[in-house]
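Listed in order, the protein sequences are those of chains A and B.
Residue numbering for the first sequence is 48 to 161, as defined by this note's numbering.
Residue numbering for the second sequence is 2 to 116, as defined by this note's numbering.
Structure, as structure tokens:
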Amino acid sequence: ETGVTQTPRHLVMGMTNKKSLKCEQHLGHNAMYWYKQSAKKPLELMFVYNFKEQTENNSVPSRFSPECPNSSHLFLHLHTLQPEDSALYLCASSQAVWGAYEQYFGPGTRLTVT
Amino acid sequence: AQKITQTQPGMFVQEKEAVTLDCTYDTSDQSYGLFWYKQPSSGEMIFLIYQGSYDEQNATEGRYSLNFQKARKSANLVISASQLGDSAMYFCAMREGDTGNQFYFGTGTSLTVIP
């Protein structure tokens, strides 16, 4: 595997379910990110991890819970979601959170909440 | 106020022609970075080009160049010699600060290259 991988690619869940999204980066990067992409809205940065430490929660509802066990893996745990949470969830990584280091994105998980 | 503004929801360009995608940004920081990404229909975001706020020269990467006008706070992407594979969504983004949590994207421009 190369780059940034995400599983599953598609997920349909009911509002009472609990599920997790997984992201893995094979680039040796130190920072990882979760983004939410909704139609006709800018990408929303949800969580940032720098050297496995969460730097800030950008006012994300508590029904989204991130986990970063090491610098290569990032999870997003989902529970009691709402239909408006349906979106494309993108994971990204970068060498560092500062400077010219671009973010490398995974293919995303298309989430539908029913 | 929006940090990144992309005013062109959709653009069309003839194959082999050049096209400019507009981006304006809002920041009071002296140190910031500007990025352009491409998102094909497959969904994966692909990094294209970077411009630092202190860079005096416009960034170039192959057929991509960034027209950086600091006083106007604009960072337009120029794609030369358009190809059919350039059809995609294009996003302008800005990094403020050094903590990683100040990274903002625009709403994107959909580019269609016409044969």
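Just so you know, even glycine gets a beta-carbon here, dropped at the ideal spot from N, CA and C.
Which value, in whole angstroms, describes the spacing of the CA atoms of A/C115 and A/E100?
Position 68 of the first sequence, counting from 1, holds the residue named residue 115 of chain A. Position 53 of the first sequence, counting from 1, holds the residue named residue 100 of chain A. Roughly 8 Å separates the two Cα atoms.
For A/G155, return the contacting residues in chain B, with the cut-off set at a CB-CB distance below 9 Å.
In the first sequence, counting from the first residue as 1, residue 155 of chain A sits at position 108. Within chain B, the residues near A/G155 are G44, E45, M46.
For a contact defined as C-beta to C-beta under 7 Å, what are the partners of B/G53 on chain A?
Here residue 53 of chain B corresponds to residue number 52 of the second sequence, with the count starting at 1. A147, listed in chain order.
The beta strand (DSSP E) that contains A/N104, what's its start and end?
Taking the first residue of the first sequence as 1, we reach residue 104 of chain A at position 57. That run of the beta strand (DSSP E) goes 100-104.
Can you name, in chain order, every residue of its own chain whose Cβ lies under 7 Å from the Cβ of B/G109, other than the five neighbours on each side?
Translated into the one-based positions of the second sequence, residue 109 of chain B becomes position 108. Counting only Cβ-Cβ distances below 7 Å, and skipping sequence neighbours, we find Q7, M90, Y91, F92.
Contact criterion: CB-CB distance below 7 Å. Does B/D23 meet it with respect to chain A?
Residue 23 of chain B sits at position 22 when you count from the first residue of the second sequence. By this cut-off, B/D23 is not an interface position.
Alpha carbons only, please: which of B/A82, B/K39, B/S88, B/S54 is nearest the one belonging to B/V72?
Within the second sequence, numbered from 1, the residue matching residue 72 of chain B stands at position 71. It is Ala, not Val, that sits at residue 72 of chain B in the sequence shown. It is B/S54.
Between the Cα of B/Q58 and the Cα atoms of B/T113, B/V20, B/A76, which residue gives the shortest distance?
Translated into the one-based positions of the second sequence, residue 58 of chain B becomes position 57. Comparing Cα-Cα distances from B/Q58 to each of B/T113, B/V20, B/A76, the minimum goes to B/A76.
If you measure between the beta carbons of A/L135 and A/G153, is that distance less than 7 Å?
Residue mapping note: residue 135 of chain A aligns to position 88 of the first sequence, counting from 1. Residue mapping note: residue 153 of chain A aligns to position 106 of the first sequence, counting from 1. No, they are not a contact pair.
Can you look up B/G86 in the DSSP assignment and give me helix, strand or coil?
Indexing the second sequence from 1 puts residue 86 of chain B at position 85. B/G86 falls in the helix class under three-state DSSP.
Count the CB pairs spanning the region 105-125 of chain A and the region 144-152 of chain A that are closer than 8 Å, and state whether there are at least three.
Flag = no, the region 105-125 of chain A and the region 144-152 of chain A do not touch.
Looking at the C-beta of A/V95, does it have a partner C-beta in chain B at a distance below 7 Å?
Your numbering for residue 95 of chain A matches position 48 in the first sequence. Yes, A/V95 counts as interfacial toward chain B.
Would A/A78 and A/N97 be called neighbours here (beta carbons separated by less than 7 Å)?
Here residue 78 of chain A is taken as the residue at index 31 of the first sequence, counted from 1. Here residue 97 of chain A is taken as the residue at index 50 of the first sequence, counted from 1. The answer is yes: Cβ separation under 7 Å.
Just verifying my parser: in three-state terms, what is the DSSP assignment at A/P130?
Counted from its first residue, the first sequence places residue 130 of chain A at position 83. Three-state result, A/P130: helix.
Give a yes or no on contact between the region 8-20 of chain B and the region 63-75 of chain A, applying the rule of three or more CB pairs nearer than 8 Å.
Touching, no, given that fewer than three Cβ pairs across the two stretches are closer than 8 Å.
Determine, using beta carbons only, whether A/T47 comes closer than 7 Å to chain B.
Since the first residue of chain A shown is 48 and the last is 161, residue 47 of chain A is not available in this structure.
Express the C-alpha separation of B/D27 and B/K74 in angstroms, rounding to a whole number.
Taking the first residue of the second sequence as 1, we reach residue 74 of chain B at position 73. Taking the first residue of the second sequence as 1, we reach residue 27 of chain B at position 26. Taking the straight line from one Cα to the other gives about 7 Å.
Should A/F98 be flagged as near chain B, meaning a C-beta pair shorter than 7 Å?
Within the first sequence, the letter at position 51 stands for residue 98 of chain A. Not an interface residue.
Give me the Cα-Cα distance between B/V20 and A/S140, rounded to the nearest whole angstrom.
The residue you call residue 20 of chain B lines up with position 19 of the second sequence. The residue you call residue 140 of chain A lines up with position 93 of the first sequence. One C-alpha to the other measures close to 29 Å.
Does the beta-carbon of A/V59 have 16 or more other beta-carbons within 10 angstroms, so that it is buried, or is it exposed?
For the purposes of this step, residue 59 of chain A is taken as residue 12 along the first sequence, with counting starting at 1. Result: exposed.
Quick check: what's the CA-CA separation for B/E97 versus A/V95?
On the second sequence, residue 97 of chain B is found 96 positions in, with the first residue counted as 1. On the first sequence, residue 95 of chain A is found 48 positions in, with the first residue counted as 1. For B/E97 and A/V95, the distance between alpha carbons rounds to 14 Å.
Judging by CA-CA distance, which residue of A/T49, A/L125, A/W81, A/S106 is the nearest neighbour of A/T159?
The residue you call residue 159 of chain A lines up with position 112 of the first sequence. Checked all of A/T49, A/L125, A/W81, A/S106; the closest Cα to A/T159 is A/L125.
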